[in-house]
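*Asks:* In the working numbering, the protein residues as written are 369 to 573. Positions of the beta carbon are idealized from the N, C-alpha and C atoms, including for glycine.
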Ligand SMILES: C[S@@+](CC[C@H](N)C(=O)[O-])C[C@H]1O[C@@H](n2cnc3c(N)ncnc32)[C@H](O)[C@@H]1O
């Protein structure tokens, strides 16, 4: 989707993506390093359902999104749930992480990372991750028999089926799951194919 469409969508009172956390964020917390303090970024956080979940687990989290209207709702949700989150507007293509993190979380967003930026951006996000830190990701995958979704934008780029793991060859893969699911985003029922994965940086790097 385009910036203006996202802004308009997030200007509505209703939470488009809901307020319940995605299952992957719960799994990410289970795989996070076992330490008292953890720092996370949720890139493409939308209206903040997963950022707020991370904050509820005592994790220091920054919700990053290109659409400020989504981030406003994320702050509102955090206030309602009585937790604190940081928010920052950013584009995943040019995003610079200025402080080290333990959890890089991004679902439904890495398709906006243009193919020729992927190697460098994943390298940067990895380099800013502390030893034993994790990346939990969901990528839309181009799969035979699954037609293009009606709301797929020309600023979105599929991943090839095994592409994600190529950015994480020197990390451990803790979890991976190929999925096909029904969706009605945009008001028209359709299906998506995707891969979710959790990678961990070796403790010695
Ligand atoms: C499918 S939504 C997922 C939102 C959220 N992760 C969730 O699951 O509730 C994708 C999000 O990516 C954001 N987005 C789109 N392009 C982006 C970009 N270039 N950089 C960062 N975020 C972007 C959109 O504003 C939107 O909130």
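Could you tell me which residues DSSP puts in a beta bridge with residue 487?
*Replies:* DSSP output for residue 487 lists no bridge partner at all.
*Asks:* What's the gap between the Cα of residue 470 and the Cα of residue 388?
*Replies:* Straight-line measurement puts the Cα of residue 388 at about 23 Å from the Cα of residue 470.
*Asks:* I'd like to know whether the C-beta atoms of residue 523 and residue 473 end up nearer to each other than 8 Å.
*Replies:* no
*Asks:* Give the DSSP-derived three-state secondary structure of residue 568 in the structure shown.
*Replies:* strand
*Asks:* Given that a residue counts as buried once 16 or more other Cβ atoms are within 10 Å of its Cβ, and exposed if not, what is residue 491?
*Replies:* exposed
*Asks:* Put residue 542 into one of helix, strand or coil per three-state DSSP.
*Replies:* strand
*Asks:* For residue 413, is the beta carbon positioned less than 7 Å from some heavy atom of ligand 1?
*Replies:* yes
*Asks:* Counting Cβ pairs, one atom from each stretch, are 3 or more of them under 8 Å apart for the stretch 444-458 and the stretch 417-436?
*Replies:* Under the Cβ criterion (8 Å, minimum of three pairs), the stretch 444-458 counts as touching the stretch 417-436.
*Asks:* Could you check if residue 374 belongs to the surroundings of ligand 1, using beta carbon to heavy atom distance under 7 Å?
*Replies:* Yes, Cβ of residue 374 sits closer than 7 Å to a heavy atom of ligand 1.
*Asks:* Looking at C-beta atoms only, is the number of pairs between the stretch 396-416 and the stretch 546-556 that lie closer than 8 Å three or more?
*Replies:* no
*Asks:* Quick check on the DSSP output: what are the complete beta strand (DSSP E) runs of length 3 or more inside the stretch 508-557, in order along the chain?
*Replies:* 540-551
*Asks:* Mapping the DSSP letters down to three states, classify residue 457 as helix, strand or coil.
*Replies:* strand
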